[in-house]
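Q: Let me give you the structure first, and then I'll get to my questions.
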Amino acid sequence: MKRTPRRRLASALVVAAAGLTLAACGQEYPNSTFLHNSEINTDIIALWDRILFMGTLVFIVVEALLIFTIFRFRAKPGAPMPKQVHGNHTLEIVWTLIPVLILIPIAVPTVKTIFKTQAPAVSDALQVEVYGHQWWWEFRYPEYGVTTANELYLPAGRTVNFTLRTVDVIHSFWAPGLAGKRDLISNKTNHMWYTPDAKLVESAFNGFCTEYCGESHANMRFRVFTTTPENFESWAAHQNGPAALSPGAMAAQAAADSATVRAVSRASVVPAPAPAPAPTMNAGYVFPADKLPAHTVPKTPIPARITFDDNLLAQGDASRGHDLMTNLANLGKAPCMTCHVIRGEMALITDAQATGPSLTHFGSRHTFGGGLFPTNASNLARWVKNAQIMKPGTTMNTFGIGEYSPLMKGNVTAGLSDAEIADIVAYLLSLK
Amino acid sequence: MATTAAPAPIGTHAGASYGHGEPTGIWSWLTTVDHKRIGTLYLWTALTFFLVGGIEALIMRMQLMGPNGQLVSAEVFNQLFTMHGTTMVFLAIMPLSAAFFNYLIPLQIGARDVAFPRLNAFSYWVYLFGGIFMTVPIFFSAAPNAGWFGYAPLTTMQFSGGLNIDFWVIGLQILGISSLAAAFNFITTIINMRAPGMTLMRMPIFTWMSFVVQFLLILAFPAITVALVFLLFDRFFGTQFYELAAGADPLLWQHLFWVFGHPEVYILILPAFGLASEILPTFSKKPLFGYNVMVYSGIMIGFLGFGVWAHHMFAVGMGATADTIFAMATLLIGIPTGVKIFNWIATMWGGQLRFVTAMKFAVAMVALFTIGGISGVMHASPPTDLQQTDTYFIVAHFHYVLFGGSIMGIMGGIYFYFPKMTGRYLSEKLGSLHFWFFFIGMNVTFFPMHYSGMLGMPRRIYTYDAGQGWDQFNWWSTIGTILMFVGAIFFIINFFKSRKAGAIAPNDAWGAGTLEWSIPSPPPDYNFAQLPVVTSRYPLWDLKHPEMTADIAHSAPDEMTITDSHAVPMHEETEYKTAKELGIPMPFPTIKPLFAALFLVVMFSGLIFIHVGMFALAMTITIGGAALFVGTLYGWLTSPLE
Numbered sequence: 014m015k016r017t018p019r020r021r022l023a024s025a026l027v028v029a030a031a032g033l034t035l036a037a038c039g040q041e042y043p044n045s046t047f048l049h050n051s052e053i054n055t056d057i058i059a060l061w062d063r064i065l066f067m068g069t070l071v072f073i074v075v076e077a078l079l080i081f082t083i084f085r086f087r088a089k090p091g092a093p094m095p096k097q098v099h100g101n102h103t104l105e106i107v108w109t110l111i112p113v114l115i116l117i118p119i120a121v122p123t124v125k126t127i128f129k130t131q132a133p134a135v136s137d138a139l140q141v142e143v144y145g146h147q148w149w150w151e152f153r154y155p156e157y158g159v160t161t162a163n164e165l166y167l168p169a170g171r172t173v174n175f176t177l178r179t180v181d182v183i184h185s186f187w188a189p190g191l192a193g194k195r196d197l198i199s200n201k202t203n204h205m206w207y208t209p210d211a212k213l214v215e216s217a218f219n220g221f222c223t224e225y226c227g228e229s230h231a232n233m234r235f236r237v238f239t240t241t242p243e244n245f246e247s248w249a250a251h252q253n254g255p256a257a258l259s260p261g262a263m264a265a266q267a268a269a270d271s272a273t274v275r276a277v278s279r280a281s282v283v284p285a286p287a288p289a290p291a292p293t294m295n296a297g298y299v300f301p302a303d304k305l306p307a308h309t310v311p312k313t314p315i316p317a318r319i320t321f322d323d324n325l326l327a328q329g330d331a332s333r334g335h336d337l338m339t340n341l342a343n344l345g346k347a348p349c350m351t352c353h354v355i356r357g358e359m360a361l362i363t364d365a366q367a368t369g370p371s372l373t374h375f376g377s378r379h380t381f382g383g384g385l386f387p388t389n390a391s392n393l394a395r396w397v398k399n400a401q402i403m404k405p406g407t408t409m410n411t412f413g414i415g416e417y418s419p420l421m422k423g424n425v426t427a428g429l430s431d432a433e434i435a436d437i438v439a440y441l442l443s444l445k
Numbered sequence: 013m014a015t016t017a018a019p020a021p022i023g024t025h026a027g028a029s030y031g032h033g034e035p036t037g038i039w040s041w042l043t044t045v046d047h048k049r050i051g052t053l054y055l056w057t058a059l060t061f062f063l064v065g066g067i068e069a070l071i072m073r074m075q076l077m078g079p080n081g082q083l084v085s086a087e088v089f090n091q092l093f094t095m096h097g098t099t100m101v102f103l104a105i106m107p108l109s110a111a112f113f114n115y116l117i118p119l120q121i122g123a124r125d126v127a128f129p130r131l132n133a134f135s136y137w138v139y140l141f142g143g144i145f146m147t148v149p150i151f152f153s154a155a156p157n158a159g160w161f162g163y164a165p166l167t168t169m170q171f172s173g174g175l176n177i178d179f180w181v182i183g184l185q186i187l188g189i190s191s192l193a194a195a196f197n198f199i200t201t202i203i204n205m206r207a208p209g210m211t212l213m214r215m216p217i218f219t220w221m222s223f224v225v226q227f228l229l230i231l232a233f234p235a236i237t238v239a240l241v242f243l244l245f246d247r248f249f250g251t252q253f254y255e256l257a258a259g260a261d262p263l264l265w266q267h268l269f270w271v272f273g274h275p276e277v278y279i280l281i282l283p284a285f286g287l288a289s290e291i292l293p294t295f296s297k298k299p300l301f302g303y304n305v306m307v308y309s310g311i312m313i314g315f316l317g318f319g320v321w322a323h324h325m326f327a328v329g330m331g332a333t334a335d336t337i338f339a340m341a342t343l344l345i346g347i348p349t350g351v352k353i354f355n356w357i358a359t360m361w362g363g364q365l366r367f368v369t370a371m372k373f374a375v376a377m378v379a380l381f382t383i384g385g386i387s388g389v390m391h392a393s394p395p396t397d398l399q400q401t402d403t404y405f406i407v408a409h410f411h412y413v414l415f416g417g418s419i420m421g422i423m424g425g426i427y428f429y430f431p432k433m434t435g436r437y438l439s440e441k442l443g444s445l446h447f448w449f450f451f452i453g454m455n456v457t458f459f460p461m462h463y464s465g466m467l468g469m470p471r472r473i474y475t476y477d478a479g480q481g482w483d484q485f486n487w488w489s490t491i492g493t494i495l496m497f498v499g500a501i502f503f504i505i506n507f508f509k510s511r512k513a514g515a516i517a518p519n520d521a522w523g524a525g526t527l528e529w530s531i532p533s534p535p536p537d538y539n540f541a542q543l544p545v546v547t548s549r550y551p552l553w554d555l556k557h558p559e560m561t562a563d564i565a566h567s568a569p570d571e572m573t574i575t576d577s578h579a580v581p582m583h584e585e586t587e588y589k590t591a592k593e594l595g596i597p598m599p600f601p602t603i604k605p606l607f608a609a610l611f612l613v614v615m616f617s618g619l620i621f622i623h624v625g626m627f628a629l630a631m632t633i634t635i636g637g638a639a640l641f642v643g644t645l646y647g648w649l650t651s652p653l654e
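Residue numbers (our numbering), protein chains in the order written: chain X, 14 to 445; chain F, 13 to 654.
Shown next, in the form of structure tokens:
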């Protein structure tokens, strides 16, 4: 039989679909929903596999029947009028029952899985409160007194029970590599739990907001780091402490005189502004920067219109930065503390009133700006100078003198010079 | 309408649009109350909006072709996806269906017009002005930007202070008026104006599906009307239905929206099912397989469509019981849908299939809708949906349903009915190119989205980072969109060329069995000089190919239903006479529906000025518009119809 163009096309399509499937299996897809990384996702995948099997069966049968029909019953010249069939009750009853028979084996495990996955979490689960903000994530660990942003640490093998709330519009919390999503609904509290598999002792995942939440919805990302329970305890204990340069931290530093310094490699940081009063306190666990998988290191382009002389960064002085940010006298040009909290420092607002992420341990995070940028001096300087250009719609002020602020629709007059920004950057990066 | 023109030569075939002694020119179109002309206006307008929505999609796909795209800003992209959805649903697919309702329902049931011709014109003008009202702001970067679903509280003044959402909430409210007016009109028409002997179960299947859709419209639109009124009052008059500070539950919006939104899906797809169900039998030379079951399954789909809305909300945390109920109800819809697919295949089985372009589109609709149906079952299951909802997998799913289903069916309908509307065939050569570019482009665009979605790509994002494993799928999706655009260009060329120079089509352009093919192409303004008496489902086959309908029950026409003195046995009409010559009373053309629609839109648009601080101007425009609207209505109601 001659290969018609249509037939060639059909086989090309089959090959293409198979190719796509193979490609999807063969390469690395870091945000795949098909990873057996939690018991919940394993249940979801089992259900998916069953539905996919049924669906593929239906697809093959229906499309094969259709393709057979259109080739077999093509009009032939001089063919007699076809037999006029108006219907067939038996056949129609049969193919009413076929979908029923296909749907029952989908429905039964569906119901079972719904009730299993939506049962209350085990009582000894780790409690994490997730707060959605336009457009960043706040994570609180009430049992540890920790508040952090955009980076979620989870101990492998322990169930985590998320309490999901939003301070503004609806968001949705989703780390596809671990499990499904759940919406954060205004004026409402939601829950979701899952257990990162015990094998995930050094893994990193991307997370996304999946409910459209306004201008920078696409820029509302987060990271999940899973680690050993010991490392998690170390991280949480450190994150619970005050900021590095605060009076409280100074005291802690004095107490921990012979403590081992856990040097954290920070390859991405521009060569060190080494400020004089940098404390050497016992830093807690941080997911090692050199172990970060490529897909968790953001490659967001930095807008060219924000210019900054990176040579200034080497002269940045953390104590001057500390003074700029936390001295009431400088509030006019650097009102940082009206939106952010640095634990152990001058507190103008409470944790709950903070509209920006907690900066207490800012320097220990790998990314900032809703997971948009790697934490390094160069990126951070541009962010402080004009965040509104780097992230559309953000309410973070534009601080660089003379910079255009899209939010204020005008140029900044009372702001920071590049040298002052370098000082602030040095201070922020010292907040390990 | 026939009052001014000279009678066309009797017995000749003019073969060009509207050349049968009816007036032409802009004024005749602005004042028309002829359902066929209104249908034609719907078609042109909706195809224009379809192109606008397509261009919006193309810009989005160019932005997403690679990671960290910089073609448009976040704000512009958000406006584009909001307007793409809103345009395609409310300004393209629904009005394309409305074009067929208008043009075909009276012809298929053997009526001379719809029940309320002037209300029909009003529906169209409201749609046109409402559509312009919603679309124009995009040229000023002030278009709606909260998604076609407009979830509260993002749409409240607190989070969306600009005019963007005002255009959306007012525009949708206006368009709802158009849809509701049309729906009541068609229900009245179908119930009251069928030809003698055309019982409900002898109605053409397209009319049946349209009939179901009209009920969906009048039952679904009130839900969104209420939701929109709440939002409108919140935004303009300080009520607090969705105000968080007042303790609002944002799920109120979601429930109201999806109580409308899910039946809306069937409003979009059932007319295409109806069109495919006309095309497949015609080019198979066989009657529709299982007519009764096709009718009942259409009703069943419409009915079940009202009980599944919360499957759009499995991630909001409704609880296990509610999730279970809505999941089961959703799975149930698979049954009548599956039956339809099998019946279409059975219709073709054993036939003599002729693959003209209309048939290609109809068969493609069956093939592609099947894929959309299968992926639909995949997120009918709440646990799996939690990995799928708000990802590109969903985008893939509903484009297989709405592009693969609705658009392919409607395109088939355009190729099928173009000869009836213009007296000329569309070119098969260009049509074939159009089809293949659409079919291949559609699959290249949307099939990879299944993968990007399951591999973690969220929806409604204006950009994504490199190295997430989505690049190649997005690249293919963009290529596919370009292919579809090439197809659209072939269609546009075909449409304009064939209108003037296509092959002349006779009455019965394709050998179909229903009434619309028994009258000239294009039909005269009165449609039927003499109303035919119908004795079976395929009156024209009864006449021309009695052997094709020998097996089905024919009844003698019920004497009681034949009250019209014009009713005569089934026949073909070939003569062109004017309505005047035949003594058929025709409704007067009138500009009043246009002005009523215009003043209605003026009335609503005055509200916009409240938010730019011009309260006095706003009140002047709104009250002035309302007064003019009422005045026009008075003139309308007090002027004689014919």
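The C-beta atom is built at its ideal place from N, Cα and C for all residues, glycine as well.
Less than 7 angstroms between CB atoms is the rule here; does Lys298/F satisfy it with respect to chain X?
A: Yes, Lys298/F lies at the interface with chain X (some Cβ there is under 7 angstroms from its Cβ).
Q: Less than 7 angstroms between CB atoms is the rule here; does Thr396/F satisfy it with respect to chain X?
A: yes
Q: Using a cut-off of 7 angstroms between C-beta atoms, extract the partners of Phe128/X located in chain F.
A: Ala332
Q: Consult DSSP for Ala439/X and reduce its assignment to one of helix, strand or coil.
A: helix
Q: So Thr586/F packs on Pro532/F, CB below 8 angstroms; how close in whole Å?
A: Confirmed, Cβ separation roughly 6 angstroms.
Q: Please confirm if Glu142/X has its CB atom under 7 angstroms from at least one CB of chain F.
A: no
Q: Going by other Cβ atoms of all chains shown within 10 Å of its Cβ, with 16 needed for buried, is Ile127/X buried or exposed?
A: buried
Q: What in chain X is Cβ-close to Ser289/F, meaning under 7 angstroms?
A: When 7 angstroms is used as the limit between beta carbons, Ser289/F is near no residue of chain X, the shortest such separation being about 13 angstroms.
Q: Mind checking Tyr476/F: buried by the 16 CB within 10 Å criterion, or exposed?
A: Residue environment for Tyr476/F: buried (at least 16 other C-beta atoms within 10 angstroms of its C-beta).
Q: Could you give the distance in angstroms between the alpha-carbon of Tyr440/X and the alpha-carbon of Leu467/F?
A: 39 angstroms
Q: For Glu142/X, does the three-state DSSP call read helix, strand or coil?
A: Of the three classes helix, strand and coil, the one that applies to Glu142/X here is strand, per DSSP.
Q: Buried or exposed, going by whether 16 or more other CB atoms sit within 10 Å of the CB of Lys298/F?
A: buried
Q: Determine, using beta-carbon pairs with one atom in the segment 492-503 of chain F and one in the segment 547-564 of chain F, whether at least three such pairs fall under 8 angstroms.
A: no
Q: In the DSSP assignment, what are the bridge partners of Pro387/X?
A: Thr380/X
Q: List the endpoints of the continuous alpha helix (DSSP H) containing Asn219/X.
A: Per DSSP, Asn219/X belongs to no alpha helix (DSSP H); it is in the beta strand (DSSP E), Glu215 to Cys222.
Q: Taking all protein chains shown into account, do 16 or more other C-beta atoms lie within 10 angstroms of the C-beta of Val456/F, making it buried, or fewer, making it exposed?
A: buried
Q: Return yes when the Cβ of Leu116/X is within less than 7 angstroms of the Cβ of Leu343/F, no when it is not.
A: yes
Q: DSSP puts Phe238/X in a beta bridge; with which residues?
A: Tyr166/X and Ala217/X
Q: What are the uninterrupted segments assigned as alpha helix (DSSP H) that are 4 or more residues long and contained completely in the segment 150-233 of chain F, given in chain order?
A: 176-204
Q: Which residue wins for smallest C-alpha separation from Ala138/X, given the options Thr176/X, His353/X, Thr160/X and Tyr225/X?
A: Thr176/X
Q: Quick one: residues in its chain with C-beta nearer than 6 angstroms to the C-beta of Asn392/X, no 5 flanking neighbours on either side, listed in chain order?
A: Same-chain partners within the cutoff: Phe386.
Q: Which whole-angstrom value is the C-beta distance of Pro405/X and Ser85/F, which I expect to be below 8 angstroms?
A: 6 angstroms
Q: Would you say Glu68/F lies against chain X (beta-carbon separation less than 7 angstroms)?
A: No - not a single Cβ of chain X is within 7 angstroms of the one on Glu68/F.
Q: Enumerate in chain order the residues of its own chain whose CB-to-CB distance from Ile383/F is below 7 angstroms, with the five nearest sequence positions on each side excluded.
A: Answer for Ile383/F: Tyr412 and Gly416, listed in chain order.
Q: With a threshold of 8 angstroms, are at least 3 pairs of Cβ atoms found where one atom belongs to the segment 187-207 of chain X and the other to the segment 346-363 of chain X?
A: no
Q: If you draw a straight line from the C-alpha of Ala195/F to the C-alpha of Tyr136/F, how long is it?
A: 12 angstroms
Q: Any beta carbon of chain F sitting closer than 7 angstroms to that of Val425/X?
A: Val425/X does not count as touching chain F.
Q: Identify the continuous beta strand (DSSP E) that holds Tyr207/X and give its terminal residues.
A: Asn203 to Tyr207
Q: Thr223/X and Asp402/F look like a contact to me (Cβ under 8 angstroms); what is the Cβ gap, rounded to whole Å?
A: In this structure Thr223/X touches Asp402/F by the C-beta definition: roughly 4 angstroms separates them, less than 8 angstroms.
Q: Residues in the segment 474-501 of chain F with C-beta within 9 angstroms of chain B's C-beta atoms, listed in sequence order?
A: No chain B appears in this structure, whose protein chains are X and F.
Q: Does the beta-carbon of Asn49/X have 16 or more other beta-carbons within 10 angstroms, so that it is buried, or is it exposed?
A: With the sequence shown as reference, residue 49/X is identified as His, and Asn is not the correct amino acid for it. Classification of His49/X: exposed, given that the 10 Å Cβ count is below 16.
Q: Taking DSSP's pairing of strands, which residues face Trp102/F in a bridge?
A: It is worth fixing the name first, because residue 102/F is Phe in this sequence and not Trp. In the DSSP output, where bridge partners are listed per residue, Phe102/F has none listed.
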